[in-house]
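Residue 188 in this note's numbering sits at position 172 of the sequence shown, with consecutive numbering throughout.
All residues carry an ideal CB built from backbone N, CA and C; glycine is no exception.
This one's a predicted model, so the numbers in the text were calculated from it and none came from an experiment.
Down below is the structure, laid out as structure tokens.
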Amino acid sequence: MSEPRKFAHRAINDTLLTRESWKIFQIMAEFTEGFEQLSQIKPSVSIFGSSRTQPGHPHYQLAEDIARALSDAGFAIVSGGGPGVMEAVNKGASAGKSPSIGLNIILPHEQVANTYQDISLNFRHFFSRKVMFVKYASAYVILPGGFGTLDELAEILTLIQTGKTRRIPVILVHSPFWQGLLEWLKNTLVPEGMINAEDLELFKLLDNVQDVVDAIFNHYEYHGVGPQADDRGILL
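Here it is, written out as structure tokens:
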């Protein structure tokens with residue numbers, strides 16, 4: 017009978033430990049700069065979508081039009097700062113009346129900051145960047161995208177569901193793209209008891225620019241603008 021396999025523990029290299037400890041200051045710097053830059057810019061809407069969507073694609077134009085309309089309505093616009101839908105978002109916002117903000121992530125490939133940003137912040141860490149998307153957002157607007165877009169969607173729905181951030185509008189744009197996801201949530205996760213049927217009310221599927229703008233304003237007419245006083249201790 018063979019011996020059970022065991023993981024070989026190695027001594028911690030002091031040089032590596034020191035290098036890892038210094039990353040704490042890098043992370044702190046990202047949070048500090050983000051808080052200082054974004055805390056003065058309210059209200060804002062965070063808009064997401066694929067980095068691979070090309071100019072001329074209907075989703076690119078839709079993102080640009082939504083960002084322009086929300087910017088003209090008084091919302092600062094926050095995107096991931098890169099190409100594709102993110103570029104379209106910043107382009108539309110920069111043509112509007114409110115600030116255009118990009119939260120760029122430093123990657124070995126794909127992500128290059130677009131040129132339509134009034135405020136551009138660079139992040140090495142996804143988790144600090146994600147906090148900035150959520151903390152100051154009055155709404156989330158999510159266009160078709162890949163893993164990164166789905167990650168942002170899951171993040172905000174989890175935070176709202178668990179009461180870690182206030183209830184804000186979460187709008188999925190272009191319902192044909194999202195319909196399959198909605199059916200899976202409704203027909204698999206709800207019957208399995210993994211989410212409640214009421215959780216499907218945490219987001220809306222919409223298709224045109226004015227409906228997105230109206231949904232955000234209607235939400236705040238019904239729910240009010242800010243969190244309740246006894247909620248503030250647990251909110252991001």
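Environment of residue i [buried if 16+ CB atoms lie within 10 Å]
i	result
residue 247	For residue 247, the pLDDT reaches just 48, beneath the cut-off of 50, and the residue's location in the model is therefore unreliable, although a value from the coordinates is still provided. Classification of residue 247: exposed, given that the 10 Å Cβ count is below 16.
residue 185	buried
residue 102	buried
residue 20	exposed
residue 228	buried
residue 245	Here the model assigns residue 245 a pLDDT of 48, short of 50, so the residue's position is not dependable, and the following value carries that caveat. Per the 10 Å Cβ criterion, exposed.
residue 204	exposed
residue 178	exposed
residue 233	exposed
Beta carbon of residue i nearer than 8 Å to that of residue j
i	j	result
residue 115	residue 92	yes
residue 159	residue 96	no
residue 222	residue 189	yes
residue 98	residue 130	yes
residue 87	residue 109	yes
residue 105	residue 60	no
Residue from the options whose Cα sits closest to the Cα of residue i
i	options	result
residue 148	168, 161, 183, 162	168
residue 107	134, 46, 21	134
residue 120	112, 187, 100	100
residue 220	157, 48, 60, 46	157
residue 174	128, 210, 161	210
residue 76	125, 178, 179, 161	161
residue 42	145, 57, 111, 128	145
residue 235	191, 202, 187, 177	187
residue 176	191, 206, 216	216
residue 46	58, 111, 122, 57	122
Between the CA atoms of residue j and residue i - distance to the nearest angstrom
i	j	result
residue 182	residue 213	19 Å
residue 250	residue 143	Unreliable placement is indicated for residue 250, whose pLDDT of 47 sits below 50; the coordinate value is still reported in the next sentence. Straight-line Cα distance between these residues: approximately 18 Å.
residue 171	residue 62	13 Å
residue 84	residue 36	42 Å
residue 140	residue 118	14 Å
residue 231	residue 238	11 Å
residue 113	residue 225	17 Å
residue 208	residue 193	24 Å
residue 198	residue 74	22 Å
residue 163	residue 68	12 Å
residue 195	residue 38	45 Å
residue 132	residue 71	14 Å
residue 40	residue 154	29 Å
residue 49	residue 200	39 Å
residue 124	residue 151	27 Å
residue 243	residue 180	For residue 243, the predicted model reports a pLDDT of 49, less than 50, meaning its position is unreliable; a value from the coordinates is still stated below. C-alpha separation (whole angstroms): 11 Å.
residue 191	residue 44	39 Å
is_contact[residue i, chain C] using C-beta, thresh 8 Å
i	result
residue 196	Included in the structure is just one protein chain, with no chain C present.
Is there contact here, the region 35-54 with the region 68-82, by at least three beta-carbon pairs under 8 Å?
no
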